[in-house]
Amino acid sequence: MFMHFSVMLIIFKQQKVEFPQKIYDDLFNSVEYNLRELGFGDVAVNTKMKNMNKTFYDILLKVNISNKSFKINKNLILKYFESLNDLNTAKYELFEQYMINFYHFCFDIKPQTMIKDALKFKVI
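In this note's numbering, the protein residues as written are 74 to 197.
Below, the structure written as structure tokens:
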């Protein structure tokens, strides 16, 4: 979820379009609400939200390692997706291609409808 959201924010920045704060707030409010629904108390929710916020900003700031085109930061991906860390690099390459395709898909649609249209993204 944070990977996709980060890609969308990167595109908004590249297109010099202001991202609606309400969408950001709604995402984290939904996560917090779901944690509470799972039965976590105030202290646990606050701790988990703080950790998720750090993770999100780590991904957002490090996911793209190229200024000219979209290129995935392999070290970041391996940090958060341990299943891609094995000797089989085909899994990683598939994931990398998926994220690049998602970037290009989102870049081609209007920023005003990006969130809604991103739900229609299919891997070809």
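Glycine is no exception: its CB is placed at the ideal position from the N, C-alpha and C atoms.
Around the beta carbon of S79, a 10 Å sphere encloses 16 or more other beta carbons of the protein chains shown; the residue is thus reported as buried.
With 16 or more other Cβ atoms from the protein chains shown falling within 10 Å of its own Cβ, M81 counts as buried.
A distance of 7 angstroms or more separates the beta carbons of L149 and K164. Going by beta carbons, F85 and F92 fall inside the 7 angstroms limit. In the displayed model, I145 falls within a strand according to three-state DSSP. Judged by DSSP secondary structure, V90 falls outside any alpha helix (DSSP H); it is assigned neither H nor E.
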